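Comments concern the structure below.
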Amino acid sequence: MKEVRLKLGNSSYDIYIGAGLIVQIGQLLKKAGLDGKAVIITNPKVKSLYGDVIEQNLTGEGFKVIVLQIPEGEEQKSLEVAGSLYRELSTFYAERTTPIIALGGGVIGDLAGFVAATFLRGVPFIQIPTTLLAQVDSSIGGKVAVNYGRLKNKIGAFYQPRMVISDINILKTLTPEDLSDGLAEAIKYGVIWDKELFSFFESNIDRIKALDESLVEEVVFRSAKIKAEVVEKDERDFAIRNILNYGHTIGHGIEAVSEFKVQHGEAVAIGMIAAGKISHKMGILDKNELIRLESVIKQAGLPTKVPDLDAGKIIDAIKHDKKILKCKVRFILPKSIGSVFITEEVNLSLIREALID
Ligand code: GLY
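For the sequence shown, our numbering gives the first residue as 21, with consecutive numbering after it.
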């Protein structure tokens, strides 16, 4: 097992990464001083795969457990669903010391985290991410939220988990598409922060896709380490944490215009390349580095070009989000592999060119 410590004073926590960790959950919770009742929030698919093992493990360690299931889908991240979870928690007589365990991907993590942050003004929150995307990104850093109308992820909190438990074995039941989706966020860390991690992907992407255990563990470990380092510097996302949004400005536009048919990682992959093209057209990113970026993304099984979507609509979607929050469109652009800069000065015509290129 590998460990990353995310250091945030009293809110510091450990991220455990390894194969077979779900049968150690009870012990890890007890080590953190938790006992009594525990609530697992998950979806039916994840429950059928891992719910019973985890429930038995917790029960064996003396916890009284309930498992609350919500259907799959981004639309579950709503105040209504949070309300129904509050009711279940009250019926279970959950207390301020009762941990809420998010067992699932980004939707479950965001929703369960929002509920944990708000129920009784905050109860202990445990992340057990079951997708690569959640293991390398969304389970770390304490961003929890629900959606409200067109306000995606805008009703929420910074609420750090007590621990993150990333079991590499769980990734074996992912589809190749879901695995690629997570790889997009992991590749992102190579571009924004760590050129050696980027080279690691160039050398090993096929074996990573084939789920070589030690390589996948390394990917999750190195990604978690970078995310922890960035979050430690800027928990509230006023400055450097912005760089984690590399590929996301255009990515969010693509997701919105495709009505979320394009998956998050796919949209981010296209967004990362488009941002690379913008930087190249601005005379900053070297052509060779842009080619390396496109090549790794392609090898990871991700799209490199905007699907059959109207570039104008994507630009409108990008502008719309910002307009309702009265802020400028901010881009994270690569200077070179391993280093990015933040700018609000990207010409709209350059965005269009990058999208249709
Ligand atoms: N996923 C971006 C962040 O956590 O800030």
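Note that beta-carbon positions come from the ideal geometry of N, C-alpha and C, so glycine has one too.
Keep in mind that this is a model prediction, so the values were computed, not measured.
What do you reckon, are the CB atoms on residue i and residue j nearer than 8 angstroms?
| i | j | result |
| --- | --- | --- |
| residue 37 | residue 204 | no |
| residue 310 | residue 297 | yes |
| residue 291 | residue 321 | no |
| residue 137 | residue 70 | no |
| residue 55 | residue 82 | yes |
| residue 272 | residue 153 | no |
| residue 22 | residue 241 | yes |
| residue 250 | residue 235 | no |
| residue 148 | residue 122 | yes |
| residue 207 | residue 274 | no |
| residue 168 | residue 135 | no |
| residue 177 | residue 131 | no |
| residue 184 | residue 160 | yes |
| residue 202 | residue 150 | no |
| residue 124 | residue 66 | yes |
Examine chain C for any beta-carbon lying closer than 8 angstroms to the beta-carbon of residue i, and answer yes or no.
| i | result |
| --- | --- |
| residue 352 | Within the model displayed, chain C is absent; a lone protein chain is all it includes. |
Assuming residue i contacts residue j under a Cβ cut-off of 8 angstroms, what Cβ separation, rounded to an integer in Å, is found between them?
| i | j | result |
| --- | --- | --- |
| residue 112 | residue 59 | 7 angstroms |
| residue 108 | residue 88 | 5 angstroms |
| residue 289 | residue 270 | Wrong, their Cβ atoms sit about 10 angstroms apart, outside the cutoff. |
| residue 238 | residue 188 | Not confirmed; about 10 angstroms, so no contact. |
| residue 277 | residue 337 | 5 angstroms |
| residue 361 | residue 368 | Between residue 368 and residue 361 the Cβ distance is about 19 angstroms, and since that is not below 8 angstroms, they are no contact. |
| residue 116 | residue 143 | 6 angstroms |
| residue 186 | residue 155 | 4 angstroms |
| residue 214 | residue 260 | Their Cβ separation, rounded to whole angstroms, is 14 angstroms, which puts residue 214 and residue 260 out of contact at 8 angstroms. |
| residue 104 | residue 166 | That pair is no contact at about 12 angstroms. |
I want to check one thing, is the minimum distance from the CB of residue i to the heavy atoms of ligand 3 below 7 angstroms?
| i | result |
| --- | --- |
| residue 167 | The model depicted lacks ligand 3 and carries ligand 1 instead. |
Between which two residues does the beta strand (DSSP E) harbouring residue i extend?
| i | result |
| --- | --- |
| residue 330 | Unbroken run through residue 330: none, as it is neither H nor E. |
| residue 187 | 183-187 |
| residue 294 | It is not in any beta strand (DSSP E) - residue 294 instead sits in the alpha helix (DSSP H) that spans 284-301. |
Judging by CA-CA distance, which residue of the options is the nearest neighbour of residue i?
| i | options | result |
| --- | --- | --- |
| residue 299 | 328, 351 and 280 | 351 |
| residue 31 | 302, 356 and 181 | 181 |
| residue 218 | 314, 29, 191 and 256 | 314 |
| residue 221 | 63, 101, 67 and 358 | 358 |
| residue 51 | 40, 64, 34 and 39 | 34 |
| residue 355 | 308, 304 and 376 | 304 |
| residue 157 | 329, 140 and 126 | 126 |
| residue 195 | 230, 143, 301 and 61 | 230 |
| residue 64 | 118, 128, 155 and 24 | 128 |
| residue 90 | 161, 78, 68 and 84 | 68 |
| residue 27 | 317, 261 and 253 | 253 |
| residue 84 | 323, 118 and 308 | 118 |
| residue 328 | 340, 49 and 287 | 287 |
| residue 62 | 92, 377, 40 and 43 | 92 |
| residue 133 | 104, 164 and 140 | 164 |
| residue 319 | 166, 262, 339 and 224 | 224 |
| residue 349 | 330, 193, 281 and 262 | 262 |
| residue 255 | 190, 94, 226 and 162 | 162 |
| residue 24 | 316, 197 and 248 | 248 |
| residue 279 | 44, 48 and 95 | 95 |
| residue 110 | 97, 139, 99 and 100 | 139 |
| residue 192 | 40, 331 and 48 | 40 |
| residue 77 | 47, 86, 100 and 57 | 47 |
| residue 57 | 120, 45, 44 and 66 | 120 |
| residue 371 | 302, 100, 53 and 66 | 302 |
| residue 210 | 171, 316 and 376 | 316 |
Which residues bound the alpha helix (DSSP H) around residue i?
| i | result |
| --- | --- |
| residue 244 | 233-253 |
| residue 44 | No alpha helix (DSSP H) holds residue 44; DSSP gives it neither H nor E. |
| residue 112 | Segment: none, residue 112 is in no alpha helix (DSSP H) and carries neither H nor E. |
| residue 196 | 196-212 |
| residue 147 | Run containing residue 147: none in the alpha helix (DSSP H); it sits in the beta strand (DSSP E), 145-149. |
| residue 312 | 307-319 |
| residue 373 | 368-376 |
| residue 225 | 215-229 |
| residue 134 | 126-138 |
| residue 279 | Run containing residue 279: none; DSSP gives neither H nor E here. |
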